[in-house]
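Visitor: The numbering used here numbers the first residue of the sequence shown as 14 and each following residue consecutively.
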Amino acid sequence: MAIRIGIPRALAYYSFYPQWKTFFEELGAEIVLSPPTNKHIVNQGIRDTVTDACIPIKVYHGHVASLVDKVDYIFVPRLVSIDGEATFCPKFLGLPDMIRSSIKGIPPLLSPRLDIRDGRFAPVKAWIRVAKALGAGYQQALRAYRKSVKFRQYYDELLTSGMLPNEATALLDRLTVSLRTERKRLSEANTIASAKASSIPTLESQNHIRLAVVGYPYMIYDEFVNCGLLDTLKRLGASIFTPEMVSAKDRRAQAKKQPKYLFWYYSNQVVRSVYHFIQEEMVDGLIHLTAFACGPDAMVDRLLELDCKKNGRIPYLSLCLDEHTGRAGIITRLEAFTDMLVRKRGGKQ
Ligand code: SF4
14 MAIRIGIPRA LAYYSFYPQW KTFFEELGAE IVLSPPTNKH IVNQGIRDTV TDACIPIKVY
74 HGHVASLVDK VDYIFVPRLV SIDGEATFCP KFLGLPDMIR SSIKGIPPLL SPRLDIRDGR
134 FAPVKAWIRV AKALGAGYQQ ALRAYRKSVK FRQYYDELLT SGMLPNEATA LLDRLTVSLR
194 TERKRLSEAN TIASAKASSI PTLESQNHIR LAVVGYPYMI YDEFVNCGLL DTLKRLGASI
254 FTPEMVSAKD RRAQAKKQPK YLFWYYSNQV VRSVYHFIQE EMVDGLIHLT AFACGPDAMV
314 DRLLELDCKK NGRIPYLSLC LDEHTGRAGI ITRLEAFTDM LVRKRGGKQ
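1) Taking residue 298 as part of the beta strand (DSSP E), name the residues at either end of that continuous run.
2) Output the distance between the C-alpha atoms of residue 88 and residue 125, rounded to the nearest integer angstrom.
3) Following the continuous beta strand (DSSP E) through residue 20, name the residue where it begins and the one where it ends.
4) Given that a residue counts as buried once 16 or more other Cβ atoms are within 10 Å of its Cβ, and exposed if not, what is residue 23?
5) So which residues touch the region around ligand 1, with touch meaning a C-beta under 5 Å from any heavy atom?
6) Which complete alpha helix (DSSP H) runs does the segment 19-78 hold, if anything under 4 residues is left out?
7) If I follow the unbroken beta strand (DSSP E) through residue 126, where does it start and stop?
8) Pull up the distance between the alpha-carbon of residue 27 and that of residue 178, whole angstroms please.
9) Using the Cα positions of residue 62 and residue 115, report the straight-line distance between them to the nearest angstrom.
10) Distance check for residue 68 and residue 338, CA to CA, integer angstroms please.
11) Got a sec, what are the start and stop residues for the beta strand (DSSP E) residue 253 sits in?
12) Identify, in the order they occur along the chain, each residue of the same chain with its Cβ nearer than 6 Å to the Cβ of residue 47, setting aside the five sequence neighbours on each side.
13) Compute the minimum distance between the beta carbon of residue 53 and the heavy atoms of ligand 2, and state whether it is under 7 Å.
14) Exposed or buried, what is residue 186 when buried is set at 16 or more other beta-carbons lying within 10 Å of its beta-carbon?
15) Have a look at 50, 17, 99 and flag the residue whose alpha-carbon is nearest the alpha-carbon of residue 235.
16) How close, in whole Å, do the beta carbons of residue 314 and residue 301 come, if the pair is a contact with beta carbons under 8 Å?
17) Terminal residues of the continuous beta strand (DSSP E) containing residue 222?
18) For the alpha helix (DSSP H) containing residue 276, list its first residue and its last residue.
19) Comparing the C-beta of residue 317 with each C-beta of chain B, is any distance below 8 Å?
20) What's the C-alpha gap between residue 274 and residue 57?
21) Bridge partners for residue 91 per DSSP, in chain order?
22) Specify the secondary structure class of residue 334 as computed by DSSP and reduced to three states.
23) Can you tell me whether residue 86 is helix, strand or coil according to DSSP?
24) Note down the Cα distance separating residue 326 from residue 270, rounded to an integer number of angstroms.
25) Ordered along the chain, which non-local residues of its own chain (more than five positions away) have a Cβ less than 6 Å from that of residue 305?
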């Protein structure tokens, strides 16, 4: 029977899941993904964490708890730095320790320390150690690692083209199944290219507004935590742009505009993507999703607000979310914000 590895559908899941899944499946493991966030998961997470933790950390604990009886291992990486320039927020760095001390009766954790600052080959070595702990040989581990990196690249390309993480993940799953079951050489590159072409957002009417929805991926794409914000905005007729839709190259080009780099990886991604949206005049307004009790966001939120003011007074809405956020309150604020943007453009209500 295959080893079952649990992956919590939270935090960095939205950035790396296809890579992680590919790696473990190439080693012959079965992936058990926790369900989409729901009330039970949030309540469980609140019970298991310290009260002053941010909502994404509480949610993460709930996802881990939901996997406890179902798997042989749970994958909780210690993400430190993947670009050598910034680190993940301190809560990511201490995540495996927090989980071990807070959740009783958990199966062993797989917690590679991923820090490119330890040397160019440090991440691959960390992944190979994980594979060996699961009984794989060196060559098999290396093959799995290489394939997983390729899938991360595909995933990033799909996100950059305008797909949401769940759409890109579903497409890559279909591609993997086709390669396995049809036993024919599908052109991975062609599949990715045609999916990209069909996902580019288009403008439809004068009332159509373009919105940047920025923040950390686990705030933007977790529909339960943000009360279905993306769907609500689409219903209100908005085209949506998120930080993941800005390519790494475009983000790098914006880095020089930062008076000082931020310490945290995701915060830099958010700020640089906003600079890109502003420079390219891509959006009519900007919504920043922040988590109550998030230390990095105390600074990022203020920075973005000032940048929006400085660059042509771009309308800015900051939404702070926690476990008490109500759907009705979010919808009312989004309706008011989009109405104001339509009026500003001179469109009809
Ligand atoms: S960056 Fe903020 S929201 Fe994300 S884990 Fe850290 S404190 Fe929580």
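We treat Cβ as the ideally placed atom computed from N, Cα and C, and that holds for glycine. Since the structure is predicted, the reported quantities are computational estimates derived from the model, not experimental observations.
Guide: Reading from the atomic positions:
1) Residue 298 -> beta strand (DSSP E) spans 298-304.
2) Residue 88 and residue 125: Cα-Cα distance of roughly 9 Å.
3) Start and end: 17-20.
4) Counting the other CB atoms within 10 Å of its CB gives residue 23 a total of 16 or more, which places it among the buried residues.
5) The answer, residue by residue, is 67, 69, 102, 104, 304, 307, 309.
6) Counting whole runs of 4 or more residues, the segment 19-78 contains the alpha helix (DSSP H) stretches 26-39, 52-61.
7) Where residue 126 is concerned, the enclosing beta strand (DSSP E) stretches over 126-128.
8) Using only the alpha carbons, I get a separation of about 6 Å.
9) Cα atoms of residue 62 and residue 115: separation of roughly 7 Å, rounded to the nearest angstrom.
10) For residue 338 and residue 68, the distance between alpha carbons rounds to 11 Å.
11) It spans 251-254 - the beta strand (DSSP E) in which residue 253 sits, taken as one unbroken run.
12) If we look at residue 47 and ignore the five residues flanking it on each side, its Cβ neighbours are 21, 22, 76, 79, 80.
13) Looking at this structure, you won't find ligand 2 anywhere; what it does contain is ligand 1.
14) Result: exposed.
15) Comparing Cα-Cα distances from residue 235 to each of 50, 17, 99, the minimum goes to 50.
16) The pair is a contact, with the Cβ atoms about 6 Å apart (cut-off 8 Å).
17) For residue 222, the uninterrupted beta strand (DSSP E) segment begins and ends at 222-227.
18) Bounds of any alpha helix (DSSP H) do not take in residue 276, whose DSSP letter is neither H nor E.
19) The chain labelled as chain B is not found in the depicted structure, where only one protein chain is given.
20) If you take the alpha carbons of residue 274 and residue 57, they lie about 36 Å apart.
21) BP columns for residue 91 point to 126.
22) Strand, per DSSP.
23) Reduced to three states, the DSSP call for residue 86 is strand.
24) Taking the straight line joining both Cα atoms gives about 18 Å.
25) Excluding residues within five positions, the ones whose Cβ falls inside 6 Å are 333, 335.
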